[in-house]
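Protein sequences, first through last, are from chains A and B. Okay, so the first sequence: first residue is 36 according to my numbering, each after it adds one. Okay, so the second sequence: first residue is 6 according to my numbering, each after it adds one. Don't be surprised by glycine CBs; every beta carbon is placed ideally from N, CA and C. Only a predicted model underlies this, so the values are computations on that prediction, with no experimental measurement involved. See structure below.
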Amino acid sequence: MSSVKQATATGADTRLQSHRHLSDRAIQNIFIWPTLILLIAFNVFPLFYSLYLGFTDYSAIARQAPVWVGFENFRSILNDEQLWEYFATTGRYAVASVGLQTLLGFGLAMLVREKFKGSGVITTLILVPMMISPVVVGLFWKLMYNPTFGYFNYLLGFTNPATAPDWLGSRWGGQAVPGLALWAVVIVDVWMWSPFVMLLVLSGLNAIPEYLYEAAVIDRASSWFQFWRITLPQVAPLLLIAILFRTIEAFKSFDLVMGMTGGGPGTQTELIAVNLYRQAFLGQWRTGRSSALAYIILIIIIAVSNLYIKYLNQMRGEG
Amino acid sequence: MASFVETGPQAPVTEAIRVDKVSPRSRLTRTVRALIVIIVTFIGLIPVFVMGITAFKSRADVVAVPPKLVFKPTLEGFVYLLTERAVLTQDRLAEAQAHIDELNWMQRIALENGQEITGPSDYVFRLKNSAIIAGVSTIVSVGLGLLAAYAFSRFDVPGKGDLLFFILSTRMLPAVVVTIPLFLMYRQLKLHDTHLGMILLYTVFNLSLSVWLLKGFIDEIPREYEEAALVDGYTRLQAFFKIVLPQALTGVAATTVFSLIFAWNEYAFALMLTSERARTAPPSIATMLGRGGIEWSAIAAGSLGFLIPVVIVTFALRRYLLRGVTFGAIRQ
């Protein structure tokens, strides 16, 4: 240590000398630990803290120390039908948006796979939506969806506001159409994230060795056969990773809904993450209960990802 | 298809097959394909286009039915976004109009609507917060990430695979799960609604990205360069700074920009962990909706200001985009 101090005092030349004393081992530790400490302090510690809070009745705005209540929070959450409703909404949202993204993203990737003049620029333009802040996306889609002066209905051909669908209000020509608002959110999510699926699939497509197709062509395999027996199996692992990422994101989905509907109308677009925010930071600030809910969401996410990963490994094992 | 596999080609192969062009498609299919892609792209960009034109519409034009494509462009939205205004009384209005030559363009636009500018809006202040928080946190996370990435790439760190997975998994946590304890922790440490708190948080938020991305880039630099330098009498640190760092600059640049974008766009943490002093721009664009009627042109102007840097970056980084959005877990 003293040599280091001395070195900083005497200038650059000797400082380099002193580093000779730093073994690779020391450098390794100096390089890695700051990162690990930060991640532990901001991720691991909060995780344990919130597990503890999940077993208490704590409220962040009450001047009262947390009281241990055992599994009470978990029991009340699992018995709360309203919450199951939100979970179901989240599930429907995830299935619809991830499914559509996969189809659309895959289709786009197949289309831009073969290069044409200007395809680089076009591909990049397709990617723009996913780089924009989700809350900004939510807000300007709110303008698009506006039932009187929004563009969306006009583009679809509904030129009379009286008979056109009010997407975010879940109404169509004065009639309530439950589910319309959720579909509106799904459309935006698909718009935003299909490019992501496309990007991953495209990189999978580019990695397929040419000789597979050469062999297929020499054998006079039809392009349909080539698609099912070469393209799809080869791209499948990356496609599945894309689906995994998107499913996790769908369960975390928060920004988009907050920007567009705030959970409404009623509770039609109340995704579980939005409700969690509401319970934790608005109204009664039920910190304990929302920590428990957060854990349940986390467990679901981990379970779903493990299923995917298991399936993915199986596929890799076969391939 | 099965019969084909079993029996092989039925007819003699008459056309020559070029190995470098295994499936030559007709020019027509190609053109049709390219056309479909272009059309789909432009349909996809309609919302962005709409937002772009809305930013330049006047208040009346925004709510026109049917929506107008042709209109007189105005900077009203930007003025509304950036300033606080007060309505002028009749005589004050006349007085202001008499001195119209002395006013700058913003004041003139406000005057056309019978208002005077009383000061900059909260948004300016919050944009500044966004810039400070995103900027500093990006520098710190890329710096730390670079060191960790180098160590993970070059040394036999015990439990390397698990550690790397742990680093990646922190990114998968839903923001709301960690926000509750972080909120309490920050309140205890007096970090709630401070720049330092948000900088720390965004640094951690971007660390996993920067470690994984940079590790990928450093992995690609041949070890032989450093080994040669070490043999020549360089220390490990000298080799790192003089050999590895210059070669990894592209990676550092890409990582920096990705981190910047993520921090710039972040909404959930900012909403829950800031209220006034350290609030960033994304949550305040959202709350702009609540104040005295919806100023769509101001929202569009704010969004446009948010969008333009992102579009530029998307183009500049398109080679690295895949790595960036998958946190470096997948390489192109």
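For residue i and chain B, any beta-carbon pair shorter than 8 Å?
i: TRP103(A); result: no
i: ASN348(A); result: no
i: MET295(A); result: no
i: GLN63(A); result: yes
i: ALA123(A); result: no
i: MET404(A); result: In the structure as shown, chain A begins at 36 and stops at 354. Residue 404(A) is therefore absent and cannot be evaluated.
i: ASN78(A); result: yes
i: ILE265(A); result: no
i: ILE276(A); result: yes
i: PHE184(A); result: yes
i: PRO196(A); result: yes
i: PRO81(A); result: yes
i: SER85(A); result: yes
i: ILE355(A); result: There is simply no residue 355(A) to check, as chain A begins at 36 and stops at 354 in what is shown.
i: TYR128(A); result: no
Does chain A have any CB closer than 8 Å to the CB of residue i?
i: SER135(B); result: no
i: VAL182(B); result: yes
i: PRO72(B); result: yes
i: PRO179(B); result: yes
i: VAL249(B); result: no
i: ALA253(B); result: no
i: ARG241(B); result: yes
i: ILE144(B); result: no
With DSSP collapsed to three states, give me the class of residue i.
i: PRO72(B); result: coil
i: ARG23(B); result: Any reading at ARG23(B) must be qualified, since the residue scores a pLDDT of 49, below 50, and its modelled position is unreliable; the value itself is stated next. Of the three classes helix, strand and coil, the one that applies to ARG23(B) here is coil, per DSSP.
i: PRO244(A); result: coil
i: PRO78(B); result: coil
i: PRO300(A); result: coil
i: PRO125(B); result: strand
i: ILE226(B); result: coil
i: ASP106(B); result: helix
i: TRP320(A); result: coil
i: ASP66(B); result: helix
i: GLU305(A); result: coil
i: LYS150(A); result: coil
i: GLY329(B); result: helix
i: SER135(B); result: helix
i: ALA253(B); result: coil
i: ARG110(A); result: helix
i: ASP198(B); result: coil
i: ALA97(A); result: coil
i: ASP254(A); result: coil
i: PHE184(A); result: coil
i: PHE160(B); result: coil
What in chain B is Cβ-close to residue i, meaning under 8 Å?
i: VAL163(A); result: LEU50, VAL53, VAL315, VAL316 and THR319
Applying the criterion that 16 or more other CB atoms from any shown protein chain within 10 Å of the CB defines a buried residue, is residue i buried or exposed?
i: LYS152(A); result: exposed
i: VAL171(A); result: buried
i: PRO244(A); result: exposed
i: ARG241(B); result: buried
i: SER176(A); result: It is worth fixing the name first, because residue 176(A) is Trp in this sequence and not Ser. The residue is buried, with at least 16 neighbouring Cβ atoms inside 10 Å.
i: GLN95(B); result: exposed
i: VAL70(B); result: exposed
i: ILE337(A); result: exposed
i: MET350(A); result: exposed
i: GLN210(A); result: exposed
i: ILE237(B); result: Rather than Ile, the amino acid found at residue 237(B) in this sequence is Asp. ASP237(B) is exposed by the Cβ-count criterion.
i: THR322(A); result: buried
i: VAL92(B); result: exposed
i: VAL84(B); result: buried
Name the DSSP bridge partner or partners of residue i?
i: VAL92(B); result: GLN120(B)
i: ARG206(A); result: ASP201(A) and ALA211(A)
i: TRP103(A); result: THR91(A)
Closer than 8 Å by beta-carbon distance: list the chain A residues that pair up with residue i, in chain order.
i: TRP301(B); result: LEU178
i: LEU152(B); result: ILE65, PHE66, ILE67, PRO69 and THR70
i: ARG323(B); result: GLY155, THR158, THR159 and LEU162
i: MET203(B); result: What MET203(B) touches in chain A: nothing, since even the nearest Cβ is about 12 Å away.
i: MET111(B); result: Near MET111(B) there are no residues of chain A at all, since even the closest Cβ is about 23 Å away, more than 8 Å.
Which residues of chain A have a Cβ atom closer than 7 Å to the Cβ of residue i, listed in chain order?
i: SER308(B); result: VAL171, LEU174 and PHE175
i: TYR155(B); result: PHE66
List the residues of chain A that residue i touches, going by C-beta distances under 9 Å, in chain order.
i: PHE374(B); result: Outside the displayed span of chain B (6 to 337) sits residue 374(B), for which this structure offers no information.
So which residues of chain B does residue i contact, with C-beta pairs closer than 7 Å?
i: SER168(A); result: ASN270, TYR272, PRO287 and PHE311
i: ILE222(A); result: Within 7 Å Cβ-Cβ: nothing; ILE222(A) doesn't reach chain B, min ~11 Å.
i: ASP290(A); result: TYR272 and ALA273
Against chain C, with Cβ distances strictly below 8 Å, would residue i count as a contact?
i: SER111(A); result: Considering every chain present, this structure includes no chain C. Its protein chains are A and B.
Should residue i be listed as close to the ligand ZN, given that the test is whether its C-beta is under 7 Å from any heavy atom?
i: ALA131(A); result: Ligands displayed in this structure: none; no statement on the ligand ZN is therefore possible.
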